[in-house]
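In this note's numbering, the protein residues as written are 3 to 100.
Cβ atoms here follow ideal geometry from the backbone N, Cα and C, with glycine treated the same way.
Nothing here was measured: the structure is a model prediction, and the numbers come from that model.
Report on the following structure.
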């Protein structure tokens, strides 16, 4: 699956993902850089709707929605929980999906 196909598949499931409390979603890492291998996962960065009760279960649900849509393993991270060092490291890779 190409990067554009991955983005399209995630966008097709945006309503289901937003239903879990996600306001924004981006991909980063090898899939975003378009230098992935066949065994690469999708690194996902999510922002949460303010005043939303968001739990680890919601994050796992988001991963499952993406995995079902793309057939690839997803690893989701909440943007507000990443360290400044990690944020700087991935800054150039981030591709906003919605």
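- For the 8 Å CB-CB criterion, residue 84 and residue 34 do not form a contact.
- Within 10 angstroms of the beta-carbon of residue 72 lie 16 or more other beta-carbons, which makes it buried.
- Within the DSSP bridge table, the entry for residue 98 names 28 as partners.
- In this structure, DSSP gives residue 51 a state outside helix and strand, which the three-state scheme calls coil.
- Partner residues in a beta bridge of residue 18, as assigned by DSSP, do not exist.
- Residue pairing for residue 79: DSSP places it in a beta bridge opposite 47.
- Here residue 45 really is in contact with residue 29; their C-beta atoms are around 6 Å apart, less than 8 Å.
- The residue among 75, 4, 87, 53 with its C-alpha nearest the C-alpha of residue 37 is 4.
- In this structure, residue 23 sits near residue 54, with a CB-CB distance shorter than 8 Å.
- The residue from 48, 88, 74 with its alpha-carbon nearest to that of residue 19 is 48.
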